[in-house]
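Below: the structure, in structure tokens.
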């Protein structure tokens with residue numbers, strides 16, 4: 567049976583390989599990857615809810631940092647526009663780790679599909695100039711948007 571991979575694990579893998587190319591160690595790169603995918607999923611849903619006039623649902627989804635915002639480290643992952651807590655990516659009230667990445671990309675999709683997702687992401691990042699990797703907006707517009715619907719199909 568063929569499976570079609572959705573955008574979330576593709577974003578996570580793409581961000582993982584972006585972080586690797588920028589010099590982060592693999593376990594931290596995987597945590598960054600899943601945190602970035604989560605951040606973009608939150609933004610997408612916020613935008614959708616607001617467009618549909620569902621402000622109350624959007625408020626529940628919006629990351630609340632409150633007084634904790636001052637305690638967060640915004641320098642460690644500045645390139646990714648991510649907060650850090652205890653040296654790990656922090657999004658939407660949650661610290662992300664390598665375990666989160668593996669659960670959502672590898673375990674959720676299976677070893678073979680997970681490998682294909684990562685092969686695709688690695689190829690895309692290898693072709694990407696470093697200047698785009700270092701700029702969140704340019705990366706989103708010039709790397710993610712053109713490739714987000716690339717087909718990744720695998721037999722399961």
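Residue numbers (the working numbering): 567 to 722.
Ideal Cβ placement from N, Cα and C applies to all residues, glycine included.
Beta-carbon contacts of residue i that lie in its chain and below 6 angstroms, excluding the five residues immediately before and after
i           : result
residue 603 : 574, 577 and 578
residue 661 : 651 and 654
DSSP bridge partner residues for residue i (one or two, in chain order)
i           : result
residue 639 : 650
residue 720 : 569
residue 655 : 650
residue 660 : 657
Assigned secondary structure, residue i (DSSP; H/G/I helix, E/B strand, else coil)
i           : result
residue 712 : helix
residue 602 : helix
residue 568 : strand
residue 587 : helix
residue 576 : helix
residue 700 : coil
residue 707 : helix
Terminal residues of the alpha helix (DSSP H) in which residue i lies
i           : result
residue 671 : That residue, residue 671, is in no alpha helix (DSSP H); it is neither H nor E in DSSP.
residue 688 : 677-692
Cβ-Cβ distance between residue i and residue j below 8 angstroms
i           : j           : result
residue 670 : residue 598 : no
Neighbourhood of residue i by C-beta, 7 angstroms cutoff - its chain only, sequence neighbours within 5 removed
i           : result
residue 595 : 582, 585 and 586
residue 590 : 598
residue 688 : 583
residue 685 : none
Own chain residues within Cβ distance below 8 angstroms of residue i, not counting five before or after
i           : result
residue 667 : 578, 582, 596, 597, 599 and 600
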